[in-house]
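With UniProt numbering, the residue at position 16 of the sequence shown is 16, and numbering never jumps.
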Amino acid sequence: SRIKPTAPACWSNGKLILVRLSKSQPETASHILSQLADRLLGATEQQYSDCLFVLCKLTPVSVERCPQLT
């Protein structure tokens, strides 16, 4: 029988996918950050702030290139 993934496991995998995408295609970082910012404004879940933390920690060059931050 297959074990169904839990929400935290899915969020963890999603964060890693976004990190890999930001590293392989740095031009996507600004869109990813924009989407995260929109989600952070209206969300109480910690998953979005965790995702932002991981992106900043693991892909600082991609994040620094974002025009929204300058």
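Where is the CB? At the ideal position from N, CA and C, for every residue including glycine.
This one's a predicted model, so the numbers in the text were calculated from it and none came from an experiment.
Residue 44 sits exposed, since fewer than 16 C-beta atoms from the chains shown fall within 10 Å of its C-beta.
The beta carbon of residue 39 is closer than 7 Å to those of 48 in its chain, skipping five residues each way along the sequence. At the C-beta level, residue 29 and residue 2 stay beyond 8 Å of one another. Annotation: the continuous alpha helix (DSSP H) that includes residue 47 extends over 47 to 58.
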